[in-house]
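Here the structure comes first, spelled out in C-alpha coordinates, and everything after it is commentary.
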Amino acid sequence: MPILVIAEHDNAALRAATFNTVHAAQQCGDTVHVLVAGHQADAVAAQAACIAGVQRVLHVDDASLAHALAENVAAQVLALAGAYSHILFAATASGKNCAPRVAARLDVAQVSDVIRVLAPDTFERPIYAGNAVATVQSQDACKVLTVRSTAFDAAPASGGAAPVERVAALPASTRVRFEGAEIARNDRPELGAAKIIVSGGRALASSEQFMQVLTPLADKLGAALGASRAAVDAGYAPNDWQVGQTGKIVAPELYIACGISGAIQHLAGMKDSKVIVAINKDPEAPIFSVADYALEADLFVAVPALVAAL
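Here it is in C-alpha coordinates:
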(Lines of atoms letter the chains of each structure in order from A and count residues from 1; the text may use other names and numbers.)
(Lines give C-alpha, C1' and ligand atoms only; values in the text may rest on other atoms or scores of the structure.)
Protein backbone atom coordinates (compact mmCIF):
# COMPACT_ATOMS: atom_id res chain seq x y z
CA MET A 1 0.00 0.00 0.00
CA PRO A 2 1.18 3.57 -0.61
CA ILE A 3 2.28 6.04 2.06
CA LEU A 4 0.66 9.43 2.62
CA VAL A 5 2.60 12.54 3.68
CA ILE A 6 0.62 15.52 4.95
CA ALA A 7 2.19 18.66 3.50
CA GLU A 8 2.79 21.72 5.64
CA HIS A 9 2.53 25.02 3.82
CA ASP A 10 1.27 28.59 3.97
CA ASN A 11 -0.88 28.30 0.82
CA ALA A 12 1.99 29.81 -1.16
CA ALA A 13 4.91 27.43 -0.64
CA LEU A 14 5.81 24.20 1.14
CA ARG A 15 7.49 24.46 4.51
CA ALA A 16 10.92 22.88 4.82
CA ALA A 17 9.75 20.11 7.17
CA THR A 18 7.65 18.60 4.38
CA PHE A 19 10.75 17.66 2.37
CA ASN A 20 12.27 15.88 5.38
CA THR A 21 9.00 14.04 6.01
CA VAL A 22 8.90 12.86 2.39
CA HIS A 23 12.41 11.44 2.80
CA ALA A 24 11.30 9.58 5.93
CA ALA A 25 8.29 8.24 4.02
CA GLN A 26 10.55 6.91 1.27
CA GLN A 27 12.29 4.76 3.88
CA CYS A 28 8.92 3.20 4.79
CA GLY A 29 8.01 2.21 1.24
CA ASP A 30 8.42 2.89 -2.45
CA THR A 31 5.13 4.65 -3.23
CA VAL A 32 4.74 8.07 -1.63
CA HIS A 33 1.74 10.36 -2.05
CA VAL A 34 1.47 13.90 -0.70
CA LEU A 35 -1.74 15.55 0.51
CA VAL A 36 -1.92 19.32 0.01
CA ALA A 37 -4.95 20.64 1.90
CA GLY A 38 -5.37 24.40 1.67
CA HIS A 39 -7.04 27.29 -0.07
CA GLN A 40 -5.86 28.67 -3.41
CA ALA A 41 -2.76 26.53 -2.98
CA ASP A 42 -2.23 25.46 -6.58
CA ALA A 43 1.38 26.62 -6.41
CA VAL A 44 1.97 24.41 -3.38
CA ALA A 45 0.54 21.36 -5.14
CA ALA A 46 2.76 22.07 -8.16
CA GLN A 47 5.78 22.36 -5.87
CA ALA A 48 4.93 19.06 -4.16
CA ALA A 49 4.63 17.37 -7.54
CA CYS A 50 8.25 18.29 -8.28
CA ILE A 51 9.68 16.57 -5.19
CA ALA A 52 11.86 13.64 -6.24
CA GLY A 53 10.30 10.33 -5.25
CA VAL A 54 6.69 11.54 -4.98
CA GLN A 55 4.36 9.52 -7.22
CA ARG A 56 1.10 11.40 -6.67
CA VAL A 57 -0.19 14.65 -5.17
CA LEU A 58 -3.71 14.91 -3.77
CA HIS A 59 -4.96 18.49 -3.74
CA VAL A 60 -7.93 19.55 -1.62
CA ASP A 61 -8.89 23.20 -2.06
CA ASP A 62 -11.46 24.85 0.17
CA ALA A 63 -11.78 28.03 2.22
CA SER A 64 -12.22 25.93 5.38
CA LEU A 65 -8.64 24.68 4.95
CA ALA A 66 -7.05 28.11 4.53
CA HIS A 67 -5.70 28.17 8.09
CA ALA A 68 -5.04 24.42 8.49
CA LEU A 69 -7.42 23.97 11.42
CA ALA A 70 -6.66 20.53 12.80
CA GLU A 71 -10.31 19.45 12.88
CA ASN A 72 -10.79 20.12 9.18
CA VAL A 73 -7.43 18.73 8.03
CA ALA A 74 -7.87 15.57 10.13
CA ALA A 75 -11.27 14.95 8.54
CA GLN A 76 -9.72 15.12 5.07
CA VAL A 77 -6.95 12.73 6.07
CA LEU A 78 -9.42 10.27 7.58
CA ALA A 79 -11.44 10.24 4.37
CA LEU A 80 -8.34 8.99 2.54
CA ALA A 81 -6.75 6.86 5.26
CA GLY A 82 -8.16 3.51 4.16
CA ALA A 83 -5.95 3.46 1.08
CA TYR A 84 -2.66 3.93 2.97
CA SER A 85 -0.38 1.82 5.14
CA HIS A 86 1.37 4.83 6.70
CA ILE A 87 0.32 8.44 7.33
CA LEU A 88 3.20 10.79 8.12
CA PHE A 89 3.14 14.26 9.67
CA ALA A 90 6.08 16.50 10.50
CA ALA A 91 6.60 16.72 14.28
CA THR A 92 5.78 20.43 14.29
CA ALA A 93 3.08 22.29 16.19
CA SER A 94 0.70 21.71 13.30
CA GLY A 95 1.56 18.04 12.88
CA LYS A 96 1.33 17.35 16.60
CA ASN A 97 -2.09 18.98 16.63
CA CYS A 98 -3.51 16.95 13.77
CA ALA A 99 -1.86 13.52 14.01
CA PRO A 100 -3.40 12.45 17.36
CA ARG A 101 -6.88 13.21 16.04
CA VAL A 102 -6.26 10.94 13.06
CA ALA A 103 -4.75 8.17 15.19
CA ALA A 104 -7.59 8.29 17.71
CA ARG A 105 -10.29 8.08 15.05
CA LEU A 106 -8.46 5.17 13.38
CA ASP A 107 -8.03 3.52 16.80
CA VAL A 108 -4.30 3.03 16.30
CA ALA A 109 -1.26 3.84 18.43
CA GLN A 110 0.57 6.90 17.13
CA VAL A 111 4.36 6.67 16.94
CA SER A 112 5.66 10.13 17.83
CA ASP A 113 8.88 11.95 17.01
CA VAL A 114 10.38 9.25 14.79
CA ILE A 115 14.11 9.77 14.26
CA ARG A 116 14.92 6.61 12.31
CA VAL A 117 13.08 4.06 10.20
CA LEU A 118 14.45 0.55 10.76
CA ALA A 119 11.73 -1.26 8.80
CA PRO A 120 8.26 -0.38 7.51
CA ASP A 121 6.82 -1.36 10.89
CA THR A 122 9.78 -0.55 13.18
CA PHE A 123 10.96 2.91 14.22
CA GLU A 124 13.25 4.65 16.68
CA ARG A 125 12.14 7.60 18.81
CA PRO A 126 13.84 9.48 21.66
CA ILE A 127 12.55 9.19 25.22
CA TYR A 128 13.62 10.70 28.56
CA ALA A 129 14.52 14.04 26.97
CA GLY A 130 16.68 12.30 24.39
CA ASN A 131 18.77 10.34 26.90
CA ALA A 132 17.46 7.05 25.59
CA VAL A 133 16.14 5.83 22.26
CA ALA A 134 13.18 3.47 22.12
CA THR A 135 12.67 0.99 19.29
CA VAL A 136 8.95 0.74 18.56
CA GLN A 137 7.28 -1.87 16.38
CA SER A 138 3.74 -1.13 15.26
CA GLN A 139 1.37 -3.91 14.22
CA ASP A 140 -1.45 -1.53 13.30
CA ALA A 141 -2.79 -1.79 9.78
CA CYS A 142 -2.33 1.96 9.31
CA LYS A 143 0.65 3.52 11.03
CA VAL A 144 0.34 7.17 12.05
CA LEU A 145 3.75 8.78 12.56
CA THR A 146 5.12 12.19 13.42
CA VAL A 147 8.64 12.68 12.10
CA ARG A 148 11.40 14.78 13.66
CA SER A 149 12.48 16.65 10.55
CA THR A 150 16.00 17.35 11.82
CA ALA A 151 16.72 13.61 11.88
CA PHE A 152 16.17 13.15 8.14
CA ASP A 153 17.73 14.75 5.09
CA ALA A 154 15.42 16.74 2.86
CA ALA A 155 14.11 15.06 -0.27
CA PRO A 156 15.27 16.89 -3.42
CA ALA A 157 12.85 19.67 -4.32
CA SER A 158 13.17 18.95 -8.03
CA GLY A 159 13.38 15.90 -10.21
CA GLY A 160 9.84 14.65 -9.76
CA ALA A 161 6.85 14.93 -12.09
CA ALA A 162 3.94 13.55 -10.11
CA PRO A 163 0.36 14.04 -11.33
CA VAL A 164 -1.83 16.34 -9.26
CA GLU A 165 -5.29 14.96 -8.52
CA ARG A 166 -8.12 17.12 -7.21
CA VAL A 167 -10.00 15.70 -4.23
CA ALA A 168 -13.39 16.97 -3.10
CA ALA A 169 -13.38 18.87 0.19
CA LEU A 170 -15.50 17.70 3.09
CA PRO A 171 -17.89 20.07 4.89
CA ALA A 172 -16.10 22.27 7.45
CA SER A 173 -16.38 21.47 11.14
CA THR A 174 -19.09 23.50 12.90
CA ARG A 175 -17.25 23.22 16.23
CA VAL A 176 -14.35 25.50 15.43
CA ARG A 177 -13.71 28.68 13.51
CA PHE A 178 -10.64 30.75 12.78
CA GLU A 179 -10.65 34.01 14.74
CA GLY A 180 -7.26 35.48 13.86
CA ALA A 181 -3.50 35.06 14.07
CA GLU A 182 -0.63 37.19 15.27
CA ILE A 183 2.39 36.24 13.20
CA ALA A 184 5.85 37.23 14.40
CA ARG A 185 7.80 38.77 11.52
CA ASN A 186 11.54 38.28 11.49
CA ASP A 187 14.15 39.15 8.89
CA ARG A 188 16.38 36.36 10.16
CA PRO A 189 16.21 32.72 9.06
CA GLU A 190 13.43 30.69 10.66
CA LEU A 191 14.84 28.98 13.75
CA GLY A 192 13.81 25.44 12.85
CA ALA A 193 15.33 25.62 9.37
CA ALA A 194 18.40 27.81 10.00
CA LYS A 195 21.84 26.47 9.10
CA ILE A 196 23.52 28.59 11.78
CA ILE A 197 22.05 29.44 15.20
CA VAL A 198 23.44 31.72 17.89
CA SER A 199 21.79 30.98 21.25
CA GLY A 200 21.98 32.77 24.56
CA GLY A 201 21.29 31.76 28.14
CA ARG A 202 20.47 33.28 31.48
CA ALA A 203 24.08 34.49 31.87
CA LEU A 204 23.28 37.39 29.52
CA ALA A 205 21.39 38.89 32.49
CA SER A 206 18.94 41.14 30.58
CA SER A 207 17.08 41.44 27.30
CA GLU A 208 19.16 44.50 26.41
CA GLN A 209 22.45 42.65 26.85
CA PHE A 210 21.04 39.61 25.07
CA MET A 211 20.44 41.69 21.95
CA GLN A 212 23.54 43.88 22.25
CA VAL A 213 25.92 40.95 22.60
CA LEU A 214 24.39 38.31 20.32
CA THR A 215 22.85 40.35 17.49
CA PRO A 216 26.20 41.48 15.98
CA LEU A 217 27.43 37.87 15.91
CA ALA A 218 24.19 36.62 14.34
CA ASP A 219 24.34 39.42 11.77
CA LYS A 220 27.93 38.52 10.81
CA LEU A 221 27.04 34.86 10.36
CA GLY A 222 23.58 35.30 8.85
CA ALA A 223 22.29 33.22 11.75
CA ALA A 224 19.00 32.77 13.56
CA LEU A 225 18.81 33.71 17.22
CA GLY A 226 17.84 31.14 19.84
CA ALA A 227 17.60 31.00 23.61
CA SER A 228 17.50 28.59 26.51
CA ARG A 229 14.30 28.17 28.49
CA ALA A 230 15.87 30.03 31.41
CA ALA A 231 16.51 33.05 29.18
CA VAL A 232 12.97 32.93 27.79
CA ASP A 233 11.41 32.56 31.24
CA ALA A 234 13.44 35.53 32.45
CA GLY A 235 12.08 37.63 29.60
CA TYR A 236 15.39 38.06 27.77
CA ALA A 237 14.07 36.51 24.55
CA PRO A 238 10.65 35.75 23.02
CA ASN A 239 9.03 32.32 23.37
CA ASP A 240 9.46 31.40 19.71
CA TRP A 241 13.26 31.55 20.14
CA GLN A 242 13.32 28.79 22.74
CA VAL A 243 15.44 25.75 21.89
CA GLY A 244 14.98 22.57 23.87
CA GLN A 245 12.64 19.79 24.89
CA THR A 246 9.77 22.24 25.47
CA GLY A 247 10.84 24.54 22.63
CA LYS A 248 12.12 23.85 19.14
CA ILE A 249 14.25 20.88 18.15
CA VAL A 250 17.05 22.09 15.88
CA ALA A 251 20.00 20.53 14.09
CA PRO A 252 21.85 23.29 12.22
CA GLU A 253 25.26 23.06 10.62
CA LEU A 254 26.63 25.31 13.39
CA TYR A 255 25.19 25.96 16.86
CA ILE A 256 26.87 28.57 19.06
CA ALA A 257 25.78 28.44 22.71
CA CYS A 258 26.66 31.58 24.67
CA GLY A 259 26.24 31.52 28.43
CA ILE A 260 24.13 28.35 28.35
CA SER A 261 24.93 25.83 31.08
CA GLY A 262 23.45 22.91 29.17
CA ALA A 263 20.49 21.62 31.16
CA ILE A 264 19.26 18.27 29.89
CA GLN A 265 16.11 19.88 28.45
CA HIS A 266 18.19 22.25 26.33
CA LEU A 267 20.59 19.56 25.16
CA ALA A 268 17.62 17.49 23.96
CA GLY A 269 16.79 20.26 21.51
CA MET A 270 20.20 20.91 19.93
CA LYS A 271 22.63 18.06 20.52
CA ASP A 272 22.14 16.75 16.96
CA SER A 273 23.70 19.93 15.54
CA LYS A 274 26.58 19.16 13.18
CA VAL A 275 29.09 21.45 14.98
CA ILE A 276 28.51 22.81 18.50
CA VAL A 277 30.51 25.72 19.90
CA ALA A 278 30.05 26.49 23.60
CA ILE A 279 31.19 29.67 25.35
CA ASN A 280 30.91 29.53 29.13
CA LYS A 281 33.13 30.59 32.02
CA ASP A 282 32.10 27.58 34.13
CA PRO A 283 34.50 24.70 33.33
CA GLU A 284 31.93 22.23 34.73
CA ALA A 285 29.08 23.37 32.50
CA PRO A 286 27.29 20.32 31.01
CA ILE A 287 27.19 22.02 27.59
CA PHE A 288 30.90 21.25 27.24
CA SER A 289 30.11 17.50 27.21
CA VAL A 290 28.41 17.80 23.81
CA ALA A 291 30.48 20.67 22.37
CA ASP A 292 32.87 20.14 19.48
CA TYR A 293 34.64 23.38 20.43
CA ALA A 294 34.59 24.61 24.03
CA LEU A 295 35.74 28.08 25.05
CA GLU A 296 36.06 28.65 28.78
CA ALA A 297 35.70 32.43 28.84
CA ASP A 298 33.48 35.35 29.78
CA LEU A 299 30.97 35.65 26.95
CA PHE A 300 30.90 39.45 27.32
CA VAL A 301 34.56 39.44 26.27
CA ALA A 302 34.66 36.42 23.97
CA VAL A 303 31.65 37.19 21.78
CA PRO A 304 32.67 40.79 20.87
CA ALA A 305 36.19 39.51 20.18
CA LEU A 306 34.76 36.85 17.89
CA VAL A 307 32.66 39.45 16.06
CA ALA A 308 35.74 41.67 15.61
CA ALA A 309 37.68 38.73 14.17
CA LEU A 310 35.04 37.83 11.60
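First residue of the sequence shown: 1, per this note's numbering; consecutive thereafter.
All residues carry an ideal CB built from backbone N, CA and C; glycine is no exception.
CA nearest to the CA of residue i, picked from the options
i: Ile287; options: Ser261, Ala297, Leu310 and Val303; result: Ser261
i: His9; options: Val32, Ala24 and Ala48; result: Ala48
i: Arg15; options: Glu124, Ala45, Ala237 and Gly53; result: Ala45
i: Ala74; options: Ala172, Arg229 and Ser273; result: Ala172
i: Asp113; options: Ala99, Ala119, Ala104 and Asp107; result: Ala99
i: Gly82; options: Arg116, Cys28 and Asp140; result: Asp140
i: Ala168; options: Gly259, Leu69, Leu80 and Ile3; result: Leu80
First and last residue of the uninterrupted beta strand (DSSP E) at residue i
i: Val307; result: That residue, Val307, is in no beta strand (DSSP E); its alpha helix (DSSP H) goes Leu299 to Ala309.
i: Ala134; result: Ala132 to Gln137
i: Val77; result: Segment Ala70 to Leu80 is the alpha helix (DSSP H) holding Val77; no beta strand (DSSP E) there.
i: Asp113; result: Val111 to Val114
i: Arg125; result: Thr122 to Ile127
i: Ala90; result: His86 to Ala90
i: Lys227; result: It should be noted that the sequence gives Ala, not Lys, for residue 227. Per DSSP, Ala227 belongs to the beta strand (DSSP E) from Ala224 to Ala227.
i: Val164; result: Val164 to Arg166
i: Ala294; result: Tyr293 to Leu295
i: Ala46; result: It is not in any beta strand (DSSP E) - Ala46 instead sits in the alpha helix (DSSP H) that spans Asp42 to Ala49.
i: Ala257; result: Leu254 to Cys258
Neighbourhood of residue i by C-beta distance below 6 Å, restricted to the same chain and skipping five residues each side
i: Leu65; result: Ala37, Gly38, His39 and Asn72
i: Ala17; result: Glu8, Ala90, Thr92 and Ser149
i: Cys50; result: Ser158 and Gly160
Presumed contact (8 Å Cβ cut-off) between residue i and residue j, rounded CB distance
i: Ile249; j: Arg148; result: 6 Å
i: Leu191; j: Gly226; result: 6 Å
i: Glu59; j: Val164; result: Residue identity check: residue 59 is His in the sequence provided, not Glu. Contact holds; Cβ gap of about 5 Å.
i: Ile197; j: Ala181; result: Between Ala181 and Ile197 the Cβ distance is about 25 Å, and since that is not below 8 Å, they are no contact.
i: Glu124; j: Ala134; result: 7 Å
i: Ala25; j: Leu88; result: 5 Å
i: Val303; j: Leu217; result: 6 Å
Run of the alpha helix (DSSP H) containing residue i, from where it starts to where it stops
i: Phe19; result: Ala16 to Gln26
i: Phe210; result: Ser207 to Leu221
i: Gln265; result: Ile264 to Met270
Per-residue DSSP class, three states only, for residue i
i: Asp61; result: strand
i: Gly95; result: helix
i: Ala276; result: Reading the sequence as shown, one finds Ile at residue 276 and not Ala. Three-state DSSP puts Ile276 in a strand.
i: Thr146; result: strand
i: Arg105; result: helix
i: Ser289; result: helix
i: Ala151; result: helix
Cβ neighbours of residue i in the same chain (closer than 8 Å, five flanking residues each side left out)
i: Tyr293; result: Val275, Ile276, Val277 and Ala278
i: Ser273; result: Ile197, Val250, Ala251, Pro252, Glu253, Leu254 and Tyr255
Proximal residues to residue i (C-beta, below 7 Å), its chain only, five neighbours per side dropped
i: Asp298; result: Lys281
i: Ala41; result: His9, Asn11 and Asp61
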